[in-house]
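Novice: My structure is below; once you've seen it, I'll send some questions.
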Amino acid sequence: MTDLPPRAADGHASASGTGEIAFKRLVEAYQDPHRLYDALRERSQVSFDAAARCWVVTGQDQVRRILGDPRFVSDAALAMPGMRRSPRRTFASDAIQKQIIFVDGEKQGRVQRAVLTELARRADALGPPLKACAAALSEQALARGSFDLVGDFAVPFTMQAVSLALGVPVGTPEEMARLERWSTAYADITSGYLHARMEHVVQLGDFIRMHVAARAGTPSDDLIGAFLRDGGLDDEDDVVIQCMGVYAAGRVTTQKLLANGVPLLLPEWDSWRELVRTTPSALRRLVEELLRLVTPTRYVVRYAMEDVEVAGGSAGDVRVGRGERVVLSLEAANRDGSAFASPHSLKADRQPNPHVAFGFGPHRCPGASVARIEIAVALQALLETLPEIRPDPSQPPAWDPNPNIGGYTSYRCLCG
Ligand code: HEM
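In the numbering used here, the protein residues as written are 422 to 837.
What follows is the structure, given as structure tokens:
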């Protein structure tokens, strides 16, 4: 386990050891990182990783403070004015850099509001088709007696949801498989996992562009229509890029929540069924508790625009230097014992539940309302339809190696 010293207020690592590797360990230990976080947090909410040259923030309090502090930004170039970006711009590189997740200021606020307003307006209308989709997928699983929680449920369900929100067709199973591949590649690269193929980013762009172009002059009652009407975006490419951002950010995260969250319910499936059947508010609390425990986006990154003194807790203050990278572990903050009693347990009655699974501050997830509906609808359908569900011992689960947003890619279950 890493024993990481906090950096001294003079800006230098305060300990004798060199090559501390909190971030590297965090990335490597991504299937079971919590002992590492607990040890880090005991020393300080904010630790410096000398090897990766970044700060790692593990305390709930400091995660919120930094995410809400305008001196910390998502666009690295704002914090490092001398930073050079490749002069060779392509659609694929723009598709990564220009999505609002890496933009700060007025434009980001405008696009955020367009997504928030449109999704809030459409949230109720999404309920009935999503319920029908979740019920059909659960009934198919019951009829077959076995299913892949990811491939036969989480993927088709979340594809349906994000397609409805944006206003694009889900397509045939082959088209759906291609869109899944392309949007996963785009989300991988966006999250800093650079093992994906750039051509998939272009292919996702081509798919979205076709649907943006088809609306030329015809208002549509969906998110593409809202971007064209009120997004104040630069040109067609910009509309395509913001739609791609929503498609990937909205699909991959919700898929991971279901793929990694439902297995946590299997040991006491019967009790969860009973609880959700008899106590209407239990489902809402369960959604929040799974968001907290799974935390689909494990961490987000910010850059300091100037030197900032940050309270590290009992270990004292630290100074984050201008241009330095700060990795905010949402997953660690969601298991911070000072914010949550029994932080590692799944508690049906946890309330309040101030998790930061959707982030915090100006970049806070604008899709949270739709995500909550999706997760509730999916859980309800599975709990209502499947009297019994257990992992298939003959087919072990498979895991996506992306250390930030990767989750199960297959989780085969037997059901009855
Ligand atoms: C369980 C599901 C979801 C989780 C856990 C999640 C998590 C997050 C987090 C943590 C951020 C903040 C990133 C940052 O601060 O750098 C974010 C941003 C974003 N999310 Fe979600 N999200 C989910 C579902 C959705 C859905 C359903 C949509 C849309 C349909 C969506 C669209 C977006 C967009 C567009 C952003 C960028 C916002 C900005 O940078 O201003 N997300 N999400």
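Beta carbons: idealized from backbone N, C-alpha and C, even for Gly.
Quick caveat: nothing in here was measured; it's all calculated off a predicted structure.
1) My guess is that T718 and I794 are in contact by the Cβ rule of under 8 Å, so how many angstroms apart are they, rounded?
2) Please classify E730: does DSSP put it in a helix, a strand, or coil?
3) In this structure, how does DSSP classify C475 when only helix, strand and coil are distinguished?
4) Helix, strand or coil for C786, going by three-state DSSP, please let me know.
5) Going by the C-beta, is F616 closer than 7 Å to any heavy atom of the ligand HEM?
6) Please report how far the alpha carbon of C836 lies from the alpha carbon of A498, in whole angstroms.
7) Taking V721 and L547 to be in contact with their CB atoms under 8 Å, please state how far apart those CB atoms are, rounded to whole angstroms.
8) Ignoring anything shorter than 4 residues, give me the alpha helix (DSSP H) runs that lie fully in the segment 646 to 709, in order along the chain.
9) With a threshold of 7 Å, establish whether the CB of F779 neighbours any heavy atom of the ligand HEM.
10) Rounded to whole angstroms, what is the Cα-Cα separation between G489 and L749?
11) Can the beta-carbon of I517 be found closer than 8 Å to that of Q529?
12) Quick check: the Cα distance between P491 and G744, rounded to an integer number of angstroms?
13) Give the DSSP-derived three-state secondary structure of D515 in the structure shown.
14) On a Cα-Cα basis, can you pick out the residue from T538, P640, T611 and S604 that is closest to I629?
15) Going along the chain, which residues of its own chain have a beta-carbon closer than 6 Å to the beta-carbon of E709, five neighbours each way excluded?
16) Residues bridged to Y724 by DSSP?
17) Grab the span of the alpha helix (DSSP H) containing I610 for me, first residue to last.
18) I need the straight-line Cα distance from D569 to E601, nearest angstrom please.
Specialist: Here's the rundown:
1) At roughly 19 Å, the Cβ-Cβ gap does not stay under 8 Å, so T718 and I794 are not in contact.
2) strand
3) strand
4) coil
5) For the sequence presented, residue 616 should be read as His rather than Phe. Incorrect: H616 has no Cβ contact closer than 7 Å to the ligand HEM.
6) 51 Å
7) At roughly 26 Å, the Cβ-Cβ gap does not stay under 8 Å, so V721 and L547 are not in contact.
8) 657 to 686 and 690 to 699
9) yes
10) 12 Å
11) no
12) 14 Å
13) helix
14) S604
15) N774
16) V494 and R746
17) P594 to T611
18) 16 Å
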